[in-house]
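Colleague: Residue numbers (my numbering): 1 to 246.
We put the beta carbon where it would ideally sit given N, CA and C, even for glycine.
Because the structure is a prediction, the values reported are computed rather than measured.
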């Protein structure tokens, strides 16, 4: 069984044909692109077609779902954009191509913290990080907090993940994806410590990593990250992106 759609925050790849409810003629269709590059949140689809929310709840990768959409299940402001007259009904034929996890769902792992930060989680999976009042580790430290049973991260394809990043010294969050959509990471385009934390892990895992400056942003720093900073990341691995078209 595949990952089910259970929240409007999940990232999905859907293909869809919307038929005019009166004429049966196609009003709009997605590209059915075999490269599967169009990753959007469920909320984006629901903004246009609110009637999809209940109909696609618990749908899984590989499912085809036919949805009757009365006029009140279609956003009037979007109706004309998808080839429908305001007040028209429609039928949507939806192919669920890929579903990403909303948060890490792996099994909790026993960890000996040994001076590392501890992690607590809100019900939606958003982590809170407690950094000890101690000197930062000088070596890269990686802990798997939850162990998923999904695909292995090889680095050959982008990884989609939620993350929170903090500065060890100030305990301040300098960046997080939890205020928006998960991020797609090419492991060749991130700092070495972040890439090392992901490579070899599995989808569904949550990883804590402490990144010393020499495997982070070094003495130069970047943006809100000062030079010489030790970084702390908590990363939820939600899925492997399809390989980009060449």
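1) Classify residue 230: buried if its beta carbon has 16 or more other beta carbons within 10 angstroms, exposed otherwise.
2) For residue 163, which beta-bridge partners are listed by DSSP?
3) Is residue 55 helix, strand or coil when you go by DSSP?
4) Starting from residue 126 and walking both ways along the alpha helix (DSSP H), at which residues does that stretch end?
5) Can you give me the Cβ contacts of residue 39 inside the same chain, cut-off strictly under 6 Å, excluding the 5 residues immediately before and after it?
6) To which residues does DSSP link residue 141 through a beta bridge?
7) DSSP three-state call for residue 92: helix, strand or coil?
8) Straight-line CA distance for residue 200 to residue 102?
9) With DSSP run on the structure shown, which of helix, strand or coil describes residue 194?
10) Measuring CA to CA, which of 97, 167, 87 is closest to residue 63?
11) Going by DSSP, name the residue or residues bridged to residue 16.
12) Should residue 60 go down as buried or exposed, given a rule of 16 or more other Cβ atoms within 10 Å for buried?
13) I need the straight-line Cα distance from residue 150 to residue 105, nearest angstrom please.
14) Excluding the 5 residues preceding and the 5 following residue 138 in the sequence, name in chain order all residues of the same chain whose CB lies nearer than 8 Å to its CB.
15) Can you name, in chain order, every residue of its own chain whose Cβ lies under 7 Å from the Cβ of residue 205, other than the five neighbours on each side?
16) With the cut-off set at 7 Å, would you say residue 99 and residue 3 are in Cβ contact?
17) So what's residue 82 in DSSP terms, helix, strand or just coil?
18) Could you please give me the residues that DSSP links to residue 69 through a beta bridge?
19) Helix, strand or coil, according to DSSP, for residue 171 in the structure here?
20) Give me, in chain order, the residues of the same chain whose beta-carbon lies closer than 6 Å to that of residue 73; leave out the 5 immediate sequence neighbours on both sides.
21) Assign residue 47 to one of three DSSP states: helix, strand, or coil.
22) Pick from 116, 121, 164: whose alpha carbon is nearest that of residue 108?
23) Take every Cβ of the segment 31 to 46, pair it with every Cβ of the segment 122 to 135, and state whether three or more of those distances are shorter than 8 Å.
24) Over the uninterrupted beta strand (DSSP E) stretch that includes residue 152, give me the two end residues.
Modeller: Per the coordinate set shown:
1) Residue 230 should be labelled buried.
2) Under DSSP, residue 163 takes part in a beta bridge, and its partners are 235.
3) Helix, per DSSP.
4) Counting along the chain, no alpha helix (DSSP H) covers residue 126, and no H or E run does either.
5) Correct list, in chain order: 11, 13.
6) Paired residues: 210.
7) Here residue 92 sits in strand by DSSP.
8) Our two residues, residue 200 and residue 102, have alpha carbons roughly 21 Å apart in a direct line.
9) The DSSP-derived three-state label of residue 194 is helix.
10) Closest by alpha carbon: 97.
11) Note: residue 16 sits in a beta bridge opposite 94.
12) A residue is called buried when at least 16 other Cβ atoms come within 10 angstroms of its Cβ; residue 60 does not meet this threshold and is exposed.
13) Counting only the Cα atoms, residue 105 lies some 10 Å from residue 150.
14) Listed in chain order, the non-local C-beta contacts of residue 138 below 8 Å within the same chain comprise 212, local neighbours out to five positions each way being set aside.
15) 104, 106, 144, 146, 147, 148, 237.
16) At the C-beta level, residue 99 and residue 3 come within 7 Å of one another.
17) Residue 82: helix per DSSP, three-state reduction.
18) For residue 69, which the question treats as bridged, DSSP gives the partners 90.
19) The three-state secondary structure of residue 171, taken from DSSP, is coil.
20) Closer than 6 Å at Cβ, skipping near neighbours: 50, 51.
21) Residue 47 falls in the helix class under three-state DSSP.
22) Nearest C-alpha to residue 108: 121.
23) The answer is no - the segment 122 to 135 does not touch the segment 31 to 46, with fewer than three Cβ pairs under 8 Å.
24) Careful: residue 152 lies outside any beta strand (DSSP E) and carries neither H nor E.
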